[in-house]
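One structure is given below, encoded as structure tokens.
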Amino acid sequence: MRLSRFYLPTLKETPGEAQIASHRFMLRAGMVRQQAAGIYAWLPLGLRVLKKIERIVREEQERAGAIELLMPTIQPASLWEESGRFDAYGPEMLRIKDRHDRDMLFGPTNEEMITDIVRSSIKSYKQLPKMLYHIQWKFRDELRPRFGVMRGREFLMKDTYSFDASPDDARKSYLKMFAAYLRTFRRMGLETVPVKADSGPIGGDLTHEFVVLAENGESDVFMDKALIGKPVPDAGTDFDGDLEGIFSDWTSLYAGTDEVHDEEAWSKVPEDRRLSLRGIEVGHIFCFGTKYSAPMRARVQNAEGKEVDMEMGSYGIGVSRLVGALIEAHHDEDGPKWPMSVAPFHVGLINLRAGDEATDKACAEIEAALEAAGVEVLYDDTADRAGEKFARMDLCGLPHQLVVGPRGLGQGEVEWKDRATGEKSNLKLDEAANRIASLVKTELDRLAQ
RNA sequence: CGGGGCGUAGCGCAGCCUGGUAGCGCAUCUGCUUUGGGAGCAGAGGGUCGCAGGUUCGAAUCCUGCCGCCCCGACCA
């Protein structure tokens, strides 16, 4: 992609409303633009990150056996009256009336709707288990939106719903999502920890939050240090097999939010392993039994011919929030430092003298070679000044930078900078593209394992 | 929803206390110079001073109401 054709409205100065790093950089790098409190337009650079996160989430959901569908953003109030949540939900729910004065709402979540969908066609235990998910915009009219996309009112969320004929089977579904989440976040280059959580208004007893450890987190987390850096289930994991081992491996070590903090259990953690820190909640999984299936009469006949309420669970990932969380976890004073798997582009190519025959030619060759190798390149072909180009590329946070200028080109070399470490070195012009393409590929493979 | 703060050019801000018809930096446009870390000089364009009332000869400035946005707390993916 040529920068001259792209839409990248970067800001040199930080808009006054942005406090934390992720919000500042997302505005400055032209990733998003606020349209109202907690409501953002996603500009091309930000959208590319959002799409990459979505793709990883989707791949891991499919791996775990979930099937994608898409439910609408607008829902009829009648479904929510069935579950009793139309009155219970409160002002967080955005209520709308259509032209016929019918009560509608902008969905804050989809338990009722998916239950309605499934109950109409699933009648037998033989049709279960089922895990269905979608990735859709939600709206919660937060009292106080803040931190940019980390706590917006409109947000993109992946939500999965599991349906089983028995509590034992529901637990198996829960474990699939538990393992899938460990993989999902790690593939994005995020260190997350599953912590015991408060089940909140959704209810249920088996529930975990997945939190990214970051200073600007909004949850207080108490955890055993041994959880950090723990290997996650690899790509070969059999999701139809027994996942109890993985589950107990992670949950036998202490980790809890402040709401469920247990001082007694905490005191048994060796003192040098006790960590108390802040985290950003990026995923939350619940097994809540028949909370919705019972009032909404979503039932199947079991093997004994008896009608039973389906056992359900729901499993959310804050997709848009993850963009902010990723920046909080990976940045320096100049901008984000994207992990390869979610970077908007893999490589930033800078032509220090656009219009110069030699640098133009060298850049065009590198760009073509990288793209032929499947590497995504943002090529700064503008006539802007060098300093501006460097600063802007750092702000974009692409993992690799290749700088082509007359000085290096005279020696047949281009400069390579690793954005994460800041290390620079020179590469032979004719080897640069291959070298970088192989680094990109290696890193992508590593993260996808 | 309690407490605090802010709305003046695309962005960051000054001016308001003490009323006299709007300014600085960045960005944008033109020209020349410059060319490896957000350039220099010269010139130019761009503003219903959040909105509505009020006070006054005169309001960005004082008063009242409303709207929007931000921060702290409580709440939440």
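Position 338 of the first sequence, counting from 1, maps to 337 under numbering that gives the first Met the number 0, and the rest follow consecutively.
Every residue, glycine too, gets a C-beta built ideally from N, C-alpha and C.
Query	Result
Contact check, Asp308 vs Thr289, beta carbons under 8 Å	yes
Coil, strand or helix - Trp337 by DSSP	coil
Environment of Tyr132 [buried if 16+ CB atoms lie within 10 Å]	buried
Selected residue, minimal CA-CA separation from Val341, among Leu443, Gln74, Met0 and Pro128	Leu443
Proximal residues to Ala344 (C-beta, below 8 Å), its chain only, five neighbours per side dropped	Sequence check: residue 344 is Phe here, not Ala. If we look at Phe344 and ignore the five residues flanking it on each side, its Cβ neighbours are Met0, Arg47, Glu375, Val376, Leu377, Cys395 and Leu397.
8 Å Cβ cutoff met for Leu348 and Ile365	yes
Contact check, Gly407 vs Glu414, beta carbons under 8 Å	yes
First and last residue of the uninterrupted beta strand (DSSP E) at Asn350	Val346 to Asn350
Start-end ranges of the alpha helix (DSSP H) lying completely within the segment 249 to 282, minimum 4 residues	262 to 266
Nearest candidate by alpha-carbon position, reference Glu91, set Asp97, Gly83 and Phe105	Phe105
Endpoints, alpha helix (DSSP H) assigned at Ser292	Element bounds for Ser292: n/a, residue is neither H nor E.
C-beta atoms of Glu45 and Val56 nearer than 8 Å	The sequence given here places Gly at residue 45; Glu does not occur at that position. Contact flag unset, no.
Boundaries of the beta strand (DSSP E) in which Met156 is found, first to last residue	Glu153 to Asp163
C-beta contact flag for Val210 and Val220 at 8 Å	yes
Secondary structure of His319, DSSP reduced to three states	In the sequence as presented, His is not what sits at residue 319; that position holds Ser. Three-state result, Ser319: helix.
Length of the line joining the Cα atoms of Ser218 and Pro144	16 Å
Residue(s) in a DSSP beta bridge with Arg1	Tyr378
Start and end residues, alpha helix (DSSP H) containing Gly167	Here the sequence assigns Asp to residue 167, which means Gly is not the residue at that position. Pro166 to Arg186 is the span of the alpha helix (DSSP H), which, as asked, contains Asp167.
Ser119 versus Glu332: straight-line alpha-carbon distance, rounded	54 Å
Neighbourhood of Tyr6 by C-beta distance below 8 Å, restricted to the same chain and skipping five residues each side	Gly29, Leu42 and Pro43
Contact under 8 Å by Cβ, Val318 with Ile134	yes
At least three beta-carbon pairs within less than 8 Å, the segment 174 to 181 to the segment 280 to 287	yes
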